[in-house]
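Take a look at the structure below.
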Amino acid sequence: MDRVGAVFVFVIVVLAVGVFAETADIRTDIINFMKDKNISVEEGDIKEIDFSNLPGELDIDRIEGSDIGIYQVGYNNRSLFVVGHSGETKDAVVKSDVRYLLTFGSSKKMKKSGFLNMASGVEGSLEKGYVMMRSGSITGISTNLEVEVIKGEKKSPAVNLTGEMVDVVIYKNGEEVGFRNSLGVDSPGVVIDYDSQSKKIVSFDAGDVVSVYLKSTDGVVISDVTTMLEVTE
């Protein structure tokens, strides 16, 4: 590993793991780094971790960049993990997916199809919705709602809704994206649905507008709708 300026981050973990040996240069840097932390170690206490066999305590989805090593440093029957990155800048060397939720819903009785409100209380539309600040993917959608059967004239029986569905549809920039929840409305009561998918199937860019539309069925009232979109960057 070229010594262009090593960057170290250490995490205390009670674990004894390690495989490959490494060059003496990086070991010297680690020894000096530990010394600054008032921890005395020797070259033989330092072993490199195999990326293909990471211990469970290291929750790493993806490692970007070159000349990266993760080292296990043993001392006093304990272990430290040291991440070494050779480079002129102190860029992050470990990167994981970032996930967050967009919330939509309605507390009112919906007697017809319509866009759901955002967390601000503003009703969405083809133009109104959450504006994405970075590129990413929509990887999940879940919905919880209550179905109420509409009755006709007084003493008339309830409408027969066998086999009917309600769809909760995602819109991006005013167009359907093809990823949705579909919920059966055969009878009144609370129903749920949830679906997930891989990244890059439904993608978006910074500046795209995301909204959610509830496509209802004649003969029912939908109430207390809560829909969440999982977004992954």
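In my numbering, the protein residues as written are 597 to 829. In this text, a Cβ means the ideal position worked out from N, Cα and C, and glycines have one as well.
- Taking the Cα of Y671 as reference, the smallest distance to any Cα among G774, T624, G640 is reached at G640.
- Measuring C-alpha to C-alpha distances from G720 to each of V817, V827, L698, I642 identifies L698 as the nearest.
- Secondary structure of G736 (DSSP, three-state): strand.
- Short of 7 Å from the beta carbon of K707, and not among the five residues preceding or following it, lie these beta carbons of its own chain, in chain order: V817.
- Here the C-alpha atom of I645 lies approximately 10 Å from the C-alpha atom of V669.
- Counting along the chain, no beta strand (DSSP E) covers K724, and no H or E run does either.
- Here DSSP, grouped into helix, strand and coil, assigns D791 to strand.
- Looking at the DSSP output, R695 shares a beta bridge with T828.
- The shortest CA-to-CA distance from N713 to any of E723, T823, F700, K704 is the one to F700.
- Relative to V743, the option among K795, T813, E826, F711 whose CA is nearest is T813.
- Rounded to whole angstroms, the gap between the alpha carbons of I642 and N628 is 12 Å.
- In the DSSP assignment, F700 is bridged to M714, T823.
- With 16 or more other Cβ atoms inside 10 Å of its own Cβ, V765 counts as buried.
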